[in-house]
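Asker: Below you will find the structure I want to go over with you.
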Amino acid sequence: MRRYLIAGNWKMNKTIQKACELVNGLATESKNINDVDIAVFPPFTALYEVYKITKETNIDLGAQNLWYETKGAYTGEISPEFIVDVGCKYVIVGHSERRKYFQEKDELINRKTKLAIEKNLIPIVCVGETLEQRENGETRKVIEYKINELENIDFSKIVLAYEPLWAIGTGKTATPEVAEEAHKFIRDLVQTKYGSEVASNIRILYGGSVKPDNVKILMNQPDIDGALVGGASLDVNSFMGIIKGSISL
Ligand code: 13P
80 MRRYLIAGNW KMNKTIQKAC ELVNGLATES KNINDVDIAV FPPFTALYEV
130 YKITKETNID LGAQNLWYET KGAYTGEISP EFIVDVGCKY VIVGHSERRK
180 YFQEKDELIN RKTKLAIEKN LIPIVCVGET LEQRENGETR KVIEYKINEL
230 ENIDFSKIVL AYEPLWAIGT GKTATPEVAE EAHKFIRDLV QTKYGSEVAS
280 NIRILYGGSV KPDNVKILMN QPDIDGALVG GASLDVNSFM GIIKGSISL
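Here our numbering is used: the first residue of the sequence shown is 80, the next is one more, and so on.
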């Protein structure tokens, strides 16, 4: 049985003080919630202070990115060992904003994913299509390509996130049917490549304008196992609304 994961990707938001205020609020409000996994992904600068709060709670911590080497002359980059050192369990890999603004390609994403697993982090690997690709009927082709590029990776050790680019930060959520179709397609691909046990256990999160008022209908779909939330994870009430909405189906 797959456990839902509700993950809050804070992106480039929150100073240390604001991050601690948010996570303190979440910790108080979620202390009796045990039916779902909860994780937050603050900016690097706030990770350690947030960890001091989350370590006593049922909220897990993750980083938004990592580098594909552990140390050396990589000015400005973050080693997976540093991420483990500040108490993270998860790391987001291949987010569409990294692909778009930092030209991250599948080969780099593959290396990052491998190293994350080697360092005992759980990578949340993001895949999704642009509006143009969807309109051209290329959604399946794009997803399949991205899954195939994750070669030599143990799919029992990763989480996947389907994030259609046209739904990120736009307020345009995929309809539950559209999202489910993509999630089922991804699970079927995983089944073909890695077998039914891996496919039935892998968590596939949906991301793209998830809000308290649409979370239930999305989570009701058989192949959606949680959410990767951007904007609505920046506020205690809206993120709690999503967490609570996901468990009261
Ligand atoms: P929004 O929830 O703001 O659309 O962002 C989704 C996302 O990119 C999560 O990683």
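Don't be surprised by glycine CBs; every beta carbon is placed ideally from N, CA and C.
1) Comparing the CB of Leu340 with every heavy atom of ligand 1, is any distance shorter than 7 angstroms?
2) At a cut-off of 7 angstroms, would you count Glu100 as near ligand 1, judging by its Cβ distance to the nearest heavy atom?
3) Hey, out of Gly324, Gly287, Thr107 and Ile196, whose CA is closest to Lys168's CA?
4) So what's Asp139 in DSSP terms, helix, strand or just coil?
5) Answer with buried or exposed for Lys251, where buried requires no fewer than 16 other C-beta atoms within 10 angstroms of its C-beta.
6) Taking 8 angstroms as the threshold, find out whether the region 238-256 comes into contact with the region 270-279 through three or more Cβ pairs.
7) Strictly by DSSP, which residues pair up with Gly87?
8) Using only CA atoms, which one of Val238, Asp267 and Ser327 lies nearest to Leu84?
9) Using only the alpha-carbon positions, how far apart do Asn302 and Tyr285 sit?
10) Would you check whether ligand 1 has a heavy atom nearer than 7 angstroms to the C-beta of Val308?
11) In chain order, which alpha helix (DSSP H) runs of at least 4 residues are fully inside the region 138-203?
12) Just how far apart, CA to CA, sit Ala142 and Tyr127?
13) For Thr249 versus Ser288, is the C-beta spacing smaller than 8 angstroms?
14) Less than 6 angstroms between C-beta atoms, sequence neighbours within five positions excluded: which residues of the same chain meet that for Glu156?
15) Heavy atom of ligand 1 less than 7 angstroms from the Cβ of Ala311, yes or no?
16) May I have the straight-line CA-CA distance separating Phe161 from Lys191, to the nearest angstrom?
17) Since I believe Asp139 is in contact with Ala125 (beta carbons under 8 angstroms), could you give me their beta-carbon distance rounded to a whole number of angstroms?
18) Using a 10 Å radius around the Cβ and a threshold of 16 neighbouring Cβ atoms, would you call Ser235 buried or exposed?
19) Below 7 angstroms, is the gap between the Cβ of Gly286 and the nearest heavy atom of ligand 1?
20) Using 10 angstroms around the beta-carbon of Ser175, count the other beta-carbons present and answer buried if the total reaches 16, otherwise exposed.
21) Tell me the DSSP secondary structure of Ile232 in three-state form.
22) Please report the distance separating the alpha-carbon of Gln212 from that of Tyr180.
23) Grab the span of the beta strand (DSSP E) containing Val238 for me, first residue to last.
24) Any heavy atom of ligand 1 within a distance shorter than 7 angstroms of the CB on His353?
25) Following a CB-centred definition, is Gly274 positioned closer than 7 angstroms to any heavy atom of ligand 1?
26) If you run the structure through DSSP and keep just helix, strand and coil, what is Val206?
Answerer: Let me lay it out:
1) Since the first residue shown for the chain is 80 and the last is 328, residue 340 is missing from the structure and cannot be characterised.
2) no
3) Ile196
4) strand
5) exposed
6) Judged by Cβ distances under 8 angstroms, the region 238-256 makes no contact with the region 270-279, as fewer than three pairs qualify.
7) Val119 and Val308
8) When each option's Cα is compared against that of Leu84, the closest is Val238.
9) One point to set straight first is that residue 302 is Asp, not Asn, in the sequence displayed. Approximately 10 angstroms between the Cα atoms of the pair.
10) Shortest gap from the CB of Val308 to any heavy atom of ligand 1: under 7 angstroms.
11) At a cut-off of 4 residues, the continuous stretches assigned as alpha helix (DSSP H) that sit fully inside the region 138-203 are 159-164, 175-180 and 185-197.
12) 11 angstroms
13) yes
14) Trp146
15) yes
16) 14 angstroms
17) Going by Cβ atoms, the distance from Ala125 to Asp139 rounds to 15 angstroms, so no, they are not a contact pair.
18) exposed
19) Result yes, Cβ under 7 angstroms from ligand 1.
20) buried
21) coil
22) Straight-line measurement puts the Cα of Tyr180 at about 18 angstroms from the Cα of Gln212.
23) For Val238, the enclosing beta strand (DSSP E) has its first and last residue at Val238 to Tyr241.
24) Outside the displayed range of the chain (80 to 328) lies residue 353, so it cannot be described from this structure.
25) no
26) strand
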